[in-house]
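First the structure, in the form of structure tokens, and then the observations on it.
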Amino acid sequence: MADSIWIIVTASLIALSCALVGNYLVLRNQAMLGDALSHAILPGLLFAFLLFGMQNTIAYVLSCSLFGVLSIALIDLLKQHRYFNDDVAIGLSFTSFFALGVILISLFAGKVHLDYDHVLYGEIAYVPIDVWILESGSQIGPRSFWIALILLITCLLFIAVSYRFLLISSFSEELAKMQKINPRLWHYLLLSFCSIVVVVSFESVGAILVVSFLIIPSSTAYLISKSLKYMILYSFIVAVGSCVLGYFLATLLNSSIAASMAVVSGIIFTLTFTASYLRKSLG
Amino acid sequence: MIESFLNFFSFSHPNVVIAAIGVSLIGFFSGSVGTFLVLDKKSLLGDAISHSLLPGICLAFLINGSKSPLLLLTGAVISGLMSTYFVDFISNKSKLSRDAALAIGLSFFFSIGIMLLTYIQHNQGSNQAGLESYLFGKAASISLEDTVMISIAGVLSYVSLLIFYRQLKATIFNRSFASSQGISIKFIQALLNACAVIMIAIGIQAVGVVLMAALILAPASISRFYSKRLEKILILSGLIGAFGGLMGTAVSYTLEGMPTGPWIVLVLFVMSILSIVLNYFKTKWQTRSGL
Amino acid sequence: MKALIEIEKLKVQYGKQVALELKHLVIPQAQITGIVGPNGSGKSSLLKAMLDLVPHSGSVKIQGTDLKSQKERVSYVPQKEAFDWNFPINVFDLVLMGRYGPRSFFVRSSGKDKAIALEAIELVDMLKYKDRQIGELSGGQQQRVLIARALAKQAELLLLDEPFAGIDASTETKLLSLFEQLKDQGKSIVMVHHDLLTAKNYFDFVVLLNNSLVADGNATETLSAQNLERAYGGSFNFTK
């Protein structure tokens, strides 16, 4: 029972951090960029594992964030050319980084105790979670919990400090420049921060499911809110709700916990969307 | 190692030959349909589609218990098509942008797929081994049956695209004008979506779900450096796709035990960068010679 | 003045916003008609509704029959801002698309279509650029090519959305004399126009909109100070 609570709470903390950053991605039409980021950081994982070993969280956060920023820089570089519009630049960048990551994993799988299946679609996620179920939770559970909590606090601090800057640069580049706010700088800052969130979430939910946590609760909130503050609030509610309900779904079906949480968030989104659409067309 | 590489091209092993043909065909068809998607600015839709194939594959397996390629392909195509409607509906009927709609469709469908996959793994034991190969592609395991299916599905889609080529070209270039000419935009979009879903569904065998987007968008983007006319670009994209597929498979064959997908993507990435660099020097040379 | 198009009870709505509401409007045949009005007054919506490009209620008829079933008789020049000029086609390819329709299959066009396309390119004086990729053209050249595409259809009614926006004065004059030429051949031309000052000289028939019909008729009467005030709000003083 205690284990279930640890899992749900840790997942909720992760989901809250993702939702917080995700709101800005949705507002800035950078949802797919978030998806690209979550794939592009893969080689960073390997570098960190190879050089510093598995337990060094700071090393792999920094390494992955570095690769995240590099991939964004590559996208911006490619976009300069007229044959590479936005989506082509994004697609080429993240697939190349991801491919590099998969190759590195295959080359060094032995040394790193990683199964690339696990890394990529999230079983690494519930390996620690599974371990919580099988062993006594106190040794491993709290570590992930504390990391998730620190992440959330860091996110809240970052957003609180940069609230005005992010708001203006998300709304209008021109307005930002007039107010001496550098939109480019905030573009990179936000996305670097997003990389960090993705990396830390990665351990719990896996590389590929992170996108659900980043985008789905925020999009749901976007449908029903008229101000950023409420959007953030609603996204939080959806995020936590998905974790709670998703956990029970996973125990019911004996499936991946992270995936089930993501599925529940998708279901909540679909219901909200349907309700909103019906209200508009009938009301 | 070089011997291994050359050995691949000696085509002495029938299995290797079949895999090589299969991957080249996949590369050709993906690159071709990718031309239209790239110009229509829909290459990320290819990414969303490829992720959304997973639940269809798993459901098909669950319902039928078998792993017959045709069955799994059908399941994949159905969920792939559903995701295109899902994405269109969300972006057209709400204030959410297309970008958000793609990310939602992609992650929702994919997470359903992972949920089903893990359900299968935990509840159906060893029967499902190999379903994961759809995640990264295992070109080496492409059988004769697979290659036949690739050929048939690929040729059917390609021919459909050729039949409606001019209408596709007009619609992608300027939708309102094409509509005023009496061309059915709904039909053309549906056709392109359907062909994309089919090509992607057969393509993931080679590169897997996550990397499929590269096989769709890279060949066409590379071709644009070498021709300014759509007809030539279409052909070039097919050839570059085939080449990338073949080279990637050759490399992964040489370094045993590697999945093919990433190597195909790397080959295409290198070709893209080379094209940019060559183009840069070409324009520099041209301006210097006063052209 | 013979009537070509009859519009009855037209309503174009985007969500809750009514872009255009017209009880009755007649577009004359073999005349150059200008649609003017402030920004957002529904000018583009009127064109798009005529072409059945946006959902609308009411009827648009060409000499008694619904226009949407007679699309062969109408040709369209959209705003040039909406295009991807990096698209890999040249001038000839673009104009040739004016010959495409729902029964265009496969890749090659017929010799006849190609000849008609060349004629249209010549009409707008772009023959020597026919193999140029469209991104390499100037604004005025791009507009001419778009018009050539519409002309290639050889339809009796030509609808243009802001054809003179962002082009140089000499192109504008040449295009206007081309339109006069077409009018003499019996073609009807309707265009959305942004410049009130030139409207008086360019058009035989003017439609003044402000999300509804403010006035229509010949240029001088329609563009009276009173009507303009109703449409634009605020008084107007033409200094020339």
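Protein chains in written order, with the numbering used here: chain G, -15 to 267; chain P, 3 to 293; chain H, 80 to 319. Note that the Cβ used here is the ideal one computed from N, Cα and C, for glycine as well.
Problem set entry | Residue span of the alpha helix (DSSP H) that contains SER109 of chain P, given as start and end | Its alpha helix (DSSP H) spans residues 100 to 125.
Exercise. Using the beta-carbon of each residue, which ones in chain H are nearer than 7 Å to PHE179 of chain P?
Worked result: The answer, in chain order, is TYR155 and PRO157.
Exercise. Do the stretch 130 to 138 of chain H and the stretch 88 to 108 of chain H make contact, defined as three or more Cβ pairs closer than 8 Å?
Worked result: Short answer: they touch.
For this session: Specify whether the stretch 81 to 88 of chain H and the stretch 180 to 199 of chain P touch according to this definition: at least 3 beta carbon pairs, one from each stretch, less than 8 Å apart.
Result: The stretch 81 to 88 of chain H, when compared against the stretch 180 to 199 of chain P, does not touch it at the 8 Å Cβ threshold.
Exercise. Taking C-beta to C-beta, are VAL156 of chain H and ALA109 of chain H nearer than 8 Å?
Worked result: Not in contact: VAL156 of chain H and ALA109 of chain H (Cβ atoms no closer than 8 Å).
Problem set entry | Contact list for PRO1 of chain P against chain G, beta-carbon separation under 9 Å | This structure does not reach residue 1 of chain P, given that chain P is present from 3 up to 293, and the question cannot be answered.
Problem set entry | CB contact below 8 Å: TYR261 of chain G versus chain P | TYR261 of chain G counts as touching chain P.
For this session: Identify, in the order they occur along the chain, each residue of the same chain with its Cβ nearer than 7 Å to the Cβ of ILE4 of chain P, setting aside the five sequence neighbours on each side.
Result: Excluding sequence neighbours, ILE4 of chain P sits near nothing in its chain.
Problem set entry | Range covered by the alpha helix (DSSP H) that runs through GLU157 of chain G | 157 to 162 is the extent of the alpha helix (DSSP H) around GLU157 of chain G.
Exercise. By how many angstroms is the C-alpha of PHE155 of chain G removed from the C-alpha of LEU254 of chain H?
Worked result: When rounded, the distance between both Cα atoms is 40 Å.
Exercise. From the beta carbon of ALA172 of chain P, is the nearest beta carbon of chain H less than 8 Å away?
Worked result: Output row for ALA172 of chain P: interface = yes.
Exercise. By a C-beta neighbour count over all protein chains shown, 10 Å radius and 16 as the cutoff for buried, is HIS53 of chain P buried or exposed?
Worked result: If you draw a 10 Å sphere on the C-beta of HIS53 of chain P, you find 16 or more other C-beta atoms in it, and that means buried.
Problem set entry | Beta-carbon proximity check, LEU47 of chain P vs LEU41 of chain P, cutoff 8 Å | No, the Cβ-Cβ distance between LEU47 of chain P and LEU41 of chain P is not below 8 Å.
Problem set entry | Nearest-angstrom beta carbon gap, TYR206 of chain G and VAL10 of chain G [assumed within contact, 8 Å] | At roughly 5 Å, the Cβ-Cβ gap stays under 8 Å, so VAL10 of chain G and TYR206 of chain G are in contact.
For this session: Verify whether the separation of the beta carbon atoms of ALA222 of chain P and THR37 of chain P is less than 8 Å.
Result: A contact, by the Cβ cut-off of 8 Å.
For this session: Could you name each continuous alpha helix (DSSP H) segment of 4 residues or more that falls completely within the stretch 60 to 86 of chain G, going from the start of the chain to the end?
Result: Within the stretch 60 to 86 of chain G, no complete alpha helix (DSSP H) run reaches 4 residues.
Exercise. Which same chain residues, not among the five before or five after SER277 of chain P, have their C-beta less than 6 Å away from its C-beta?
Worked result: Excluding the 5 residues flanking it on each side, SER277 of chain P has same chain C-beta neighbours closer than 6 Å at ILE224 and PHE227, in chain order.
Exercise. SER49 of chain G by DSSP, collapsed to three states: which one?
Worked result: In the structure shown, SER49 of chain G sits in a helix (DSSP, three-state: H, G or I).
Exercise. Between GLY115 of chain P and the rest of its own chain, which residues show a CB-CB distance below 7 Å, the 5 nearest in sequence each way excluded?
Worked result: Same-chain partners within the cutoff: LEU56, PRO57 and CYS60.
Exercise. So, ALA(-1) of chain G versus CYS139 of chain G, is the Cβ gap smaller than 8 Å?
Worked result: No, they are not a contact pair.
For this session: Report buried or exposed for ILE42 of chain G, applying the criterion of at least 16 other Cβ atoms within 10 angstroms of its Cβ.
Result: A residue is called buried when at least 16 other Cβ atoms come within 10 angstroms of its Cβ; ILE42 of chain G does not meet this threshold and is exposed.
Problem set entry | MET162 of chain G classed as buried or exposed, judged by whether at least 16 other C-beta atoms fall within 10 angstroms | By the Cβ neighbour-count rule, MET162 of chain G is exposed, with fewer than 16 other Cβ atoms within 10 Å of its own.
For this session: Would you mind telling me which residues of chain P sit closer than 8 Å to TYR8 of chain G, beta carbon to beta carbon, in chain order?
Result: Residues of chain P with a Cβ closer than 8 Å to the Cβ of TYR8 of chain G do not exist, since the nearest Cβ in that chain sits about 12 Å away.
Problem set entry | Status (buried if at least 16 other CB within 10 Å, exposed otherwise) for LEU125 of chain P | Note that residue 125 of chain P corresponds to Asn in the displayed sequence, not to Leu. It counts as exposed.
Exercise. Taking buried to mean at least 16 other C-beta atoms within 10 Å of its own C-beta, is PHE189 of chain P buried or exposed?
Worked result: By the Cβ-count criterion, PHE189 of chain P is exposed, with fewer than 16 other Cβ atoms from all chains shown falling within 10 Å of its own Cβ.
Exercise. Hey, THR204 of chain G and PHE253 of chain G are a contact pair by Cβ (cut 8 Å); roughly how many whole angstroms apart?
Worked result: Approximately 5 Å separates the beta-carbon atoms of THR204 of chain G and PHE253 of chain G; this is inside 8 Å, confirming the contact.
Exercise. DSSP state of ILE69 of chain P, grouped into three classes?
Worked result: Before going further, note that residue 69 of chain P is Lys rather than Ile in the sequence given. In this structure, LYS69 of chain P counts as coil in the three-state DSSP scheme.
For this session: Determine the extent of the beta strand (DSSP E) in which PHE284 of chain H is found, giving its start and end residues.
Result: Annotation for PHE284 of chain H: the continuous beta strand (DSSP E) segment containing it runs 284 to 288.
Exercise. How would you label ASP145 of chain H, buried or exposed, when you count the other beta carbons within 10 angstroms and need 16 or more for buried?
Worked result: Counting the other CB atoms within 10 Å of its CB gives ASP145 of chain H a total below 16, which places it among the exposed residues.
Exercise. Alpha carbon to alpha carbon, how far is GLY137 of chain H from MET129 of chain H?
Worked result: Straight across, the Cα-Cα distance linking GLY137 of chain H with MET129 of chain H is about 10 Å.
Exercise. Using the rule of at least 16 other Cβ atoms within 10 Å of the residue's Cβ for burial, across every protein chain shown, is TYR110 of chain G buried or exposed?
Worked result: In this prediction, TYR110 of chain G has a pLDDT of 39, which is less than 50 and means its spatial position is unreliable; nothing more can be read from the coordinates.
Exercise. So which residues on chain P does MET176 of chain H lean against when the C-beta distance must stay under 9 Å?
Worked result: Ordered by position in chain P, the residues that pass the 9 Å Cβ test against MET176 of chain H are ARG168, LYS171, ALA172, PHE175, ASN176, PHE179, ALA180 and GLN183.
For this session: Classify MET270 of chain H as helix, strand or coil using the three-state DSSP reduction.
Result: MET270 of chain H sits in a strand when the DSSP states are folded into three classes.
Exercise. Buried or exposed: where does PHE232 of chain G fall if 16 or more other Cβ atoms within 10 Å of its Cβ makes it buried?
Worked result: That one is exposed.
Problem set entry | CA-to-CA distance, SER183 of chain H to PHE175 of chain P, given in whole angstroms | Their Cα atoms are separated by approximately 16 Å.
Problem set entry | 8 Å Cβ cutoff, ALA15 of chain G in contact with chain P | Cβ-Cβ to chain P under 8 Å: yes for ALA15 of chain G.
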